[in-house]
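Written out below as structure tokens is the structure these notes cover.
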Amino acid sequence: MNKRKNWKTMKIPARCKSEKIPTPKIPALSLPKNPKLKDLVDLYTQTGSYQAGRLATACKIYQTMLEKNATVGLTLAGAMTPTGMGGLIAQMIEAGMIDWIIATGANVFHDLHYALNLNLHKGHFLVDDAALRKRGIDRIYDIFLTEEIMLRTDVYFLEAIWPHRGKFLTTAALHNIVGKALLEDGMDPKLSMVAMAAKYDVPIYTSSPGDSEVGLNLAFARMGGFNLHLDPIQDVIETAAIVNAAAKNGVVIVGGGSPKNFYLQTQPLLQTQLGAKSSGHDYDIQITVDAPHWGGLSGATPDEAVSWGKINPDEIMESSVVLYSDATIVVPIIFGHVLGACAKRKQKHLFKNLPEMMRKLKKDTHLLPVLPKS
């Protein structure tokens, strides 16, 4: 029996009275017996607090993107595929839940190790790196891989692209060539986002192809008389064509960096230089550990992106979120949630449909009339 009652029955003095808070209450949290991933996300939804709340919002936005049949992009910065994340991305591609990708060249290259069954190993961050160097072991924080693995992957990459010497290619075409080679050689696409992307015509672009082992390999080949020309400006145009052709656009931004802007800049290009009708991206999930007050793009918020026309201001409150967390923790939770909550979608095969989307972009374009006359 409750013997202490005054706290409940007392008359509140006028100066201490408060207005009622209209938002949902935060309950004392508990998990059911034998909890599943859905129960964990539901718990985050109930609390709605701090980054647990933002994670629940990210899960909800992703689910909405899929239910509205939005064209879903993924941008990937930081060393994500060395952690094995390429397998998760492959699973999402197979389920029709990722339609196109913009990744750093490093993420593309390190994904190939898994396709080729060249093992990366658990390591440690407290090690003698000079000793590792003598043993031919490279370190990515607490992941170890050998120089032999790097060289074997280099050679496979060069073998895959060798028949295409002399061509001008987009980075999406380059990665499609490598992915198709993996499939032709019987590699398991479930282990590799590059292979699975080739299987389902998911274009993978790289915003800075020279800044990775891919760029080093192409430079090495050029010095040996092999020329393969990458066309990054065509990448810019094709990414705008993909966005322009979609009824709804959404993105999961992992880590920020150059891939983040390469996706978001499609909207200013469409609106300003090309004069196509567009009002900003509809859905935006940003996963970062960077804060906005340093002025860097990786920490820039969706609110700031609104000022550039990158994010639809009418959608921002319900359809955008910044999740400040380690992507290796939260990406598997977000992906796992939508894999469990949503039906598989039919793949959009965007790479195969690029010519059609390019024709639509040309039709919708009204160039800004500032080019010098020839």
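The sequence shown runs 1030 to 1403 under our numbering.
Cβ coordinates follow ideal geometry from the N, Cα and C atoms, glycine included.
Model, not experiment: these values are computed from the prediction.
Quiz item: Hey, would you say Ser-1287 sits closer than 8 Å to Gly-1134, going by beta carbons?
Solution: Within the sequence shown, the letter at position 258 stands for residue 1287. Within the sequence shown, the letter at position 105 stands for residue 1134. No, the Cβ-Cβ distance between Ser-1287 and Gly-1134 is not below 8 Å.
Practice problem: List the endpoints of the continuous beta strand (DSSP E) containing Asn-1278. | Solution: Against the sequence shown, residue 1278 aligns to sequence position 249. Segment 1278 to 1283, the beta strand (DSSP E) holding Asn-1278.
Quiz prompt | Burial state of Glu-1176 (16 or more Cβ within 10 Å) | solution = Working through the sequence shown from its first residue, we reach residue 1176 at position 147. Glu-1176 should be labelled exposed.
Quiz item: Whole beta strand (DSSP E) runs in the region 1170 to 1229 with 3 or more residues, listed along the chain?
Solution: 1172 to 1175
Exercise. Step through the CB atoms of chain D and report whether any lies within less than 8 Å of the CB of Thr-1317.
Key: Protein chains in the displayed structure number just one, and chain D is not present.
Self-check item: Gly-1102: first and last residue of the uninterrupted alpha helix (DSSP H) it sits in
Solution: For the purposes of this step, residue 1102 is taken as residue 73 along the sequence shown, with counting starting at 1. Careful: Gly-1102 lies outside any alpha helix (DSSP H), inside the beta strand (DSSP E) at 1100 to 1105.
Exercise. Out of Gln-1296, Thr-1330, Ile-1314, state which residue places its alpha-carbon closest to the alpha-carbon of Val-1360.
Key: Here residue 1360 is taken as the residue at index 331 of the sequence shown, counted from 1. Out of Gln-1296, Thr-1330, Ile-1314, Ile-1314 has the C-alpha closest to the C-alpha of Val-1360.
Self-check item: Own chain partners of Thr-1301 with C-beta closer than 8 Å, once the 5 adjacent residues on each side are dropped
Solution: Numbered from 1 along the sequence shown, position 272 holds the residue referred to as residue 1301. Result list for Thr-1301: Gly-1338, Leu-1397, in chain order.
Practice problem: Consult DSSP for Lys-1151 and reduce its assignment to one of helix, strand or coil. | Solution: If you number the sequence shown from 1, residue 1151 lands on position 122. It is a strand residue.
Quiz item: Secondary structure at Asp-1313, three-state DSSP: helix, strand or coil?
Solution: Position 284 of the sequence shown, counted from the start, is the residue given in the question as residue 1313. Asp-1313: strand per DSSP, three-state reduction.
Practice problem: List the DSSP bridge partners of Leu-1349. | Solution: Start at 1 with the first residue of the sequence shown, and residue 1349 comes out as number 320. Per the sequence shown, the amino acid found at residue 1349 is Ser instead of Leu. Paired residues: Asp-1313.
Quiz item: How long is the line joining the alpha carbons of Leu-1400 and Pro-1297, rounded to whole angstroms?
Solution: Residue mapping note: residue 1400 aligns to position 371 of the sequence shown, counting from 1. Residue mapping note: residue 1297 aligns to position 268 of the sequence shown, counting from 1. Leu-1400 and Pro-1297: Cα-Cα distance of roughly 17 Å.
Exercise. Report yes or no: do the region 1245 to 1265 and the region 1094 to 1101 share at least 3 C-beta pairs separated by less than 8 Å?
Key: no
Quiz item: CA-CA distance, Gly-1116 and Gly-1125?
Solution: For the purposes of this step, residue 1116 is taken as residue 87 along the sequence shown, with counting starting at 1. For the purposes of this step, residue 1125 is taken as residue 96 along the sequence shown, with counting starting at 1. The alpha-carbon atoms of Gly-1116 and Gly-1125 are separated by roughly 14 Å.
Self-check item: CA nearest to the CA of Leu-1211, picked from Leu-1180, Tyr-1143, Gln-1092
Solution: Taking the sequence shown and counting its residues from 1, the one referred to as residue 1211 is at position 182. Of the listed residues, the one whose Cα sits closest to Leu-1211 is Tyr-1143.
Quiz item: Are the beta-carbon atoms of Gly-1239 and Val-1223 separated by less than 8 Å?
Solution: As a working note, residue 1239 is residue 210 in the sequence shown. As a working note, residue 1223 is residue 194 in the sequence shown. Cβ atoms of Gly-1239 and Val-1223: not closer than 8 Å.
Self-check item: Entirely enclosed beta strand (DSSP E) segments - the region 1313 to 1394, minimum 3 residues
Solution: 1349 to 1353
Quiz prompt | Nearest residue (CA-CA) to Ser-1221, options Leu-1069, Glu-1096, Ala-1108, Asp-1140 | solution = Sequence index remark: in the sequence shown, residue 1221 carries index 192 (1-based). When each option's Cα is compared against that of Ser-1221, the closest is Asp-1140.
Quiz item: Straight-line CA distance for Asn-1136 to Asp-1183?
Solution: Locating residue 1136 in the sequence shown gives position 107, counting from the first residue. Locating residue 1183 in the sequence shown gives position 154, counting from the first residue. Roughly 14 Å separates the two Cα atoms.
Quiz item: Can you tell me where the alpha helix (DSSP H) with Ile-1130 in it begins and where it stops?
Solution: The residue labelled residue 1130 in the question sits at position 101 within the sequence shown. Taken as a continuous stretch (DSSP letters only), Ile-1130 belongs to no alpha helix (DSSP H), being part of the beta strand (DSSP E) at 1129 to 1132.
Quiz prompt | The alpha helix (DSSP H) enclosing Ala-1274, as first and last residue numbers | solution = Residue numbering aside, residue 1274 sits at position 245 when the sequence shown is read from its first letter. Segment 1261 to 1274, the alpha helix (DSSP H) holding Ala-1274.
Exercise. Would you list the one or two residues that DSSP bridges to Ile-1233?
Key: The sequence position of residue 1233 within the sequence shown is 204, counting from 1. Ile-1130, per the DSSP bridge assignment.
Practice problem: Enumerate in chain order the residues of its own chain whose CB-to-CB distance from Ile-1178 is below 8 Å, with the five nearest sequence positions on each side excluded. | Solution: The residue you call residue 1178 lines up with position 149 of the sequence shown. Closer than 8 Å at Cβ, skipping near neighbours: His-1142, Leu-1147, Asn-1148, Leu-1149.
Practice problem: Measure the C-alpha to C-alpha separation of Ser-1241 and Phe-1138 and round it to an integer number of angstroms. | Solution: Residue 1241 sits at position 212 when you count from the first residue of the sequence shown. Residue 1138 sits at position 109 when you count from the first residue of the sequence shown. For Ser-1241 and Phe-1138, the distance between alpha carbons rounds to 8 Å.
Self-check item: alpha helix (DSSP H) segment containing Cys-1088, residue limits
Solution: Working through the sequence shown from its first residue, we reach residue 1088 at position 59. Its alpha helix (DSSP H) spans residues 1079 to 1096.
Quiz item: In three-state terms, what does DSSP make of Asp-1240?
Solution: Taking the first residue of the sequence shown as position 1, residue 1240 is located at position 211. Coil.
Quiz item: So does the region 1069 to 1086 actually touch the region 1324 to 1335, counting three or more Cβ pairs closer than 8 Å?
Solution: no
Quiz item: In whole angstroms, what is the alpha-carbon distance linking Thr-1112 and Ile-1050?
Solution: Reading the sequence shown from its first residue, position 83 is the one you call residue 1112. Reading the sequence shown from its first residue, position 21 is the one you call residue 1050. Looking at the two C-alpha atoms, the distance is approximately 43 Å.
Quiz item: Under the rule that 16 or more other beta-carbon atoms within 10 Å means buried, what is His-1204, buried or exposed?
Solution: As a first step, residue 1204 must be located in the sequence shown, where it is residue number 175. With 16 or more other Cβ atoms within 10 Å, it is buried.
Practice problem: Report yes or no: do three or more beta-carbon pairs, one from the region 1379 to 1387 and one from the region 1268 to 1280, lie closer than 8 Å? | Solution: yes
Quiz item: Helix, strand or coil: which one does DSSP assign to Ile-1118?
Solution: Residue mapping note: residue 1118 aligns to position 89 of the sequence shown, counting from 1. Helix at Ile-1118.
Self-check item: Inter-residue spacing [alpha-carbon to alpha-carbon] between Pro-1218 and Ser-1403
Solution: If you number the sequence shown from 1, residue 1218 lands on position 189. If you number the sequence shown from 1, residue 1403 lands on position 374. Roughly 49 Å between the two C-alpha positions.
Quiz item: Would you report the Cα separation of Gly-1304 and Lys-1392, rounded to the nearest angstrom?
Solution: On the sequence shown, position 275 is the one that residue 1304 refers to. On the sequence shown, position 363 is the one that residue 1392 refers to. Cα to Cα, Gly-1304 sits roughly 11 Å from Lys-1392.
Practice problem: State the DSSP-derived secondary structure class of Arg-1168, mapped to helix, strand or coil. | Solution: Taking the sequence shown and counting its residues from 1, the one referred to as residue 1168 is at position 139. Strand.
Exercise. Output the boundary residues of the alpha helix (DSSP H) element that contains Ser-1287.
Key: On the sequence shown, position 258 is the one that residue 1287 refers to. 1286 to 1293 is the span of the alpha helix (DSSP H), which, as asked, contains Ser-1287.
Quiz item: For Val-1283 versus Ala-1087, is the C-beta distance shorter than 8 Å?
Solution: In the sequence shown, residue 1283 corresponds to position 254, counting from 1. In the sequence shown, residue 1087 corresponds to position 58, counting from 1. No; because the gap between Cβ atoms is not below 8 Å, this pair is not in contact.
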